[in-house]
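Below is one structure, written out as C-alpha cells; the observations come after it.
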Amino acid sequence: MRLSQFHLRTEKETPADAEVTSHKLMLKAGMLRKLGAGLYTWSPLGLRVLRKVEGIVREEMNAAGAIELLMPAVQPRELWEETGRWEKFGGQLLKMQDRKESWYCFGPTHEEVVTDFARSELASYKQLPVNFYQIQTKFRDEIRPRFGVMRAREFLMKDAYSFDIDEAGMAASYQTMHAAYTRIFTRLGLEFRSVQADSGAIGGDASQEFHVIADSGEDALVFSTGSEYAANVEAARAAAPAPRPAASETLRKVDTPTQKTCEDVAALLDIPLARTAKSIALMAGETFVLALVRGDHAVNAIKLAKVDGLGDYRMATEAEIAAHLGAAPGFLGPIGAAKPIRVVADLEVAALADFVVGANATGFHIAGVNWGRDLPEADVVADIRDVVAGDRAEDGGELKIARGIEVGHVFQLGRKYAEAMHFKVLDANGKATVPFMGCYGIGVSRIVAAAIEQNHDANGIVWPLAMAPWQVAVCVINPKNEAHVAEAADALYRELGAAGFETVLDDRGLRPGMMFGDIELIGIPHRVVVSARGLESGAFEYRARHASESENLDREALFSRLR
Ligand code: ATP
Ligand code: MG
Ligand code: MG
Ligand code: MG
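Under the working numbering, the first residue of the sequence shown is numbered -14, with each subsequent residue one higher.
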C-alpha cells in the first residue's frame, strides 16, 4: 500500500471525550469515527486491524473443526418466546417492528437462531458432534456504552455453538474450544488468562472467560501463585462457603459512617498491610469507588454491577447518592466529600443497598444504610476479605488480584435451549434424545481495543506483529525533490512485498517529524527510512517500534532483521 493513495487521517490533539488509552489512541490514529452512542465507523486503517483479528479467529476455529455459517442479525420475536428470553433478556435487547407490525429483535446473541437451524438440519447422532460458528455484527443496548469499541452497542463477535449427543461429548467440545481460544490469544500476541466464570443457574465449572490483562480492565480476577486456580471475582465469591445472613426487610437509615485506614483494615482482615493497600488501590483506581452491599450479596464494585446485569459505573456526587439512599448529606464523611464518586451500577440499585463501602487510596470507608443488622460491619469486612484477600488460599499459594478485559467466553449450556425449543435427535438405539450444547463467544472488535490497552507507549500504539495494519513502513525523505530516493524507496517497497512482508510506503512527502509521528502513532512494528544520505553510505535506517534507537543496516542485514 502506498500511503499517498490510502486514506489516513491522524489527529494531533487527544480527543477530550475519550476516557481510556485505547479509545484515545484509536481516535487519534484515525481508526474509528463515532456515529452515535456505541456506534462506530471503522476507517480503512481500523478495518485492516479488525480483519487481522478476524482472520486469526477464523483460521483457528476452522483448525479446531468448527464450521462457518452466517445467521441473520434480525430475529423474529416468536423464536425468543420459545425460550422465554423475549421478556427475560432485559433492556439490552433492541426490539423493533416491521411494516406489518410484527416484532423482531436485533440479535445480541444467537442461541435461539442456531438451535432453530439445528433442529431442522440435524436428525441423528451420526451428524454429531458438530460446531457451527459465525463472525457477525451483534447489537446490545448497553446501559452506558463507553470506551469506544470496548463496550459498544453494535460490535463484531465470533459466536460458536456445539451440539453433542451426551454430556461427555459436550465437555470434549468445550475443551476443544478452550484450546482453540488459547491458540488464538497466543497468536494475537496478547498477555491473557483464562479464569473460572460465574456460571449462574447452570453451575459447576462449566464456564470460563478469557481476559486480556490490563489495569484499565473492568473485571477483577483472582488467581493463585500456588496452583492453576484463577477465577473472576464473581465466580470466586459464588464458590465461597458460608452464605451471609440475609438483611432485614426494613431499612433503618443510620448516618454515622466509620472511616477505616489501611492499618485498620489490615488488622480487621488479618492480612498484610502492603496487600491491603494494594487491594484498596485496585478497588479505587483513580477515583473514589462506591460499592454497594445488598442482602446476602456482599459485593465489590464489579460484583454488584454483574449481579444486576448493569455492568457499569457512572460519576455522581455524594449529595445525589444521599438523596437516593435517603441518607443525610455528608454521610460518606471526608472521603465522599473530596472527590466525584464513581458509582457502581445505577442509583436505582443503590436504593436497595444495605451498606455502602467506599475505598480510596487511603482506606476503606463503610457507611451503614441498614446499620441495624447483627454484626453488620463484620459481615461487610468478611465479604471484602473474600473479594480482596483469601477465599481460596488452600493450595498454599499467594492470592493475587489482576484486572482484565473479557475478550472471550466459553460455556457449557447443557440441554437448556434444545429442551425449550423441542430439539431432539435419534441416538444409537433409535431413541429420540435432547442433545447437549455449548456456546463460545469472542469479542473480535473488543480485542482491538484490549490489545492497545496492553501495548502502547507515549508515542502511540505498539501493535503485536500479528495485528498490525502493516508489518513494515518504508518512509521516504523528500521524495518530491529527490527522484532517486523515491525510486530506491519504491524498489525496496516492492522487494519487501515480494519477500512476503506486508509493507506500507509512506510516500506522502511529509516532513520527517510528521511522518515518523504518524507511523509511530499507528503502531507499525518495523520502520525503514530511505534518505539521500543513507543511500550514499549504502544503509537504511531501521528502527523497531519498541526500540529507542535506530540502526543503520545494509540491504542484507535489513532483510535478515525483519525475518
Ligand atoms: P461483558 O461482561 O463485558 O458485558 P458479556 O459477558 O456480556 O461481556 P458475552 O455474552 O460473554 O459478553 O459475549 C461474548 C463476548 O463478546 C465477550 O466476551 C466480549 O468480548 C464481547 N462483548 C460483549 N459485550 C460487548 C460490547 N458491548 N462491546 C464489545 N464487545 C462485547
Ligand atoms: Mg454484557
Ligand atoms: Mg461478562
Ligand atoms: Mg461473558
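All residues carry an ideal CB built from backbone N, CA and C; glycine is no exception.
With a 10 Å radius around its C-beta and 16 neighbouring C-beta atoms as the bar for buried, classify residue i as buried or exposed.
i      : result
Asn558 : Any property of residue 558 remains undetermined from this structure, which presents the chain solely from -14 to 548.
His196 : buried
Asn116 : buried
Lys80  : exposed
His511 : buried
His95  : buried
Gly445 : buried
Met422 : buried
Lys9   : buried
Asp442 : exposed
Ser201 : buried
Glu438 : buried
Thr488 : buried
Asp83  : exposed
Glu203 : buried
Gly76  : exposed
Asn466 : exposed
Gly353 : For Gly353, the pLDDT reaches just 42, beneath the cut-off of 50, and the residue's location in the model is therefore unreliable, leaving the point undetermined.
Glu505 : buried
Ala49  : buried
Glu541 : exposed
Whose C-alpha, out of the options, is nearest the C-alpha of residue i?
i       : options                           : result
His(-8) : Glu194, Ala14 and Gly154          : Ala14
Ile509  : Tyr527, Arg496 and Gly202         : Tyr527
Lys37   : Ala524, Asn537 and Pro449         : Pro449
Glu34   : Asn466, Ala205, Ala443 and Arg431 : The amino acid occupying residue 34 in the given sequence is Val; Glu does not appear at that position. The residue with the shortest Cα to Cα distance from Val34 is Arg431.
Ala1    : Asp412, Trp27 and Phe132          : Phe132
Ala435  : Glu106, Leu113 and Arg136         : Arg136
Gln397  : Leu32, Gln160, Leu506 and Pro61   : Gln160
Leu55   : Arg62, Thr26, Arg43 and Glu63     : Arg43
Ala468  : Pro61, Glu106 and Ala517          : Ala517
Trp88   : Arg62, Gly40, Gly23 and Thr(-1)   : Arg62
Asp492  : Thr(-5), Gly519, Val459 and Gly92 : Val459
Met452  : Glu(-4), Glu39 and Ala524         : Glu39
Glu72   : Cys90, Asn463 and Asn440          : Cys90
Pro57   : Asn537, Pro93, Trp27 and Arg540   : Pro93
Val447  : Asn537, Ala476, Asn463 and Leu175 : Leu175
Less than 9 Å between the C-beta atoms of residue i and residue j, yes or no?
i        : j       : result
Lys(-11) : Gly482  : One detail in the question is off: residue -11 reads as Ser in this sequence, not Lys. No, the Cβ-Cβ distance between Ser(-11) and Gly482 is not below 9 Å.
Met155   : Gly399  : yes
Val433   : Met11   : yes
Val395   : Gly426  : yes
Ile198   : Arg479  : no
Glu53    : Arg70   : no
Phe583   : Lys385  : The first residue shown for the chain is -14 and the last is 548, placing residue 583 beyond what the model contains.
Thr167   : Ser179  : yes
Leu547   : Phe501  : no
Ala145   : Met162  : yes
Val470   : Val513  : no
Tyr110   : Asp503  : no
Gln112   : Val410  : yes
Leu490   : Arg(-6) : no
Glu127   : Gly23   : yes
Pro420   : Ala164  : no
Report the rounded CA-to-CA distance for residue i versus residue j, giving the unit in angstroms.
i      : j       : result
Asn217 : Ser7    : 23 Å
Ala532 : Leu543  : 15 Å
Thr122 : Leu20   : 16 Å
Ala378 : Val134  : Confidence is the limiting factor: at Ala378 the pLDDT is only 48, short of 50, which leaves the residue's position unreliable, though a coordinate-based value still follows. Cα-Cα distance, rounded: 36 Å.
Glu472 : Val457  : 18 Å
Glu194 : Leu206  : 10 Å
Gly211 : Glu139  : 40 Å
Tyr214 : Gly393  : 18 Å
Val173 : Pro454  : Residue identity check: residue 173 is Leu in the sequence provided, not Val. Their backbone Cα atoms lie some 13 Å apart in a straight line.
Thr418 : Asp101  : 16 Å
Tyr118 : Ser147  : 9 Å
Met406 : Asp149  : 16 Å
Tyr402 : Ala529  : 50 Å
Ala51  : Ala3    : 37 Å
Leu30  : Met16   : 5 Å
Pro497 : Val461  : 8 Å
Phe550 : Glu391  : As displayed, the chain neither begins before -14 nor continues past 548, which places residue 550 out of reach and without an answer.
Gly296 : Asp539  : Confidence in Gly296 is poor, its pLDDT being 34 and thus under 50, which makes the residue's placement too unreliable to answer from.
Glu86  : Trp65   : 17 Å
Asn463 : Glu(-4) : 22 Å
Leu32  : Ala474  : 26 Å
Ile169 : Asp151  : 27 Å
Is residue i close to ligand 5? I mean its beta-carbon at under 8 Å from any heavy atom of the ligand.
i      : result
Asp151 : Ligands displayed in this structure: ligand 1, ligand 2, ligand 3 and ligand 4; ligand 5 is not among them.
- [ ] Run through the segment 447 to 516 for me and flag every whole alpha helix (DSSP H) of 4 or more residues, listed as ranges in chain order.
- [x] 468 to 483 and 497 to 506
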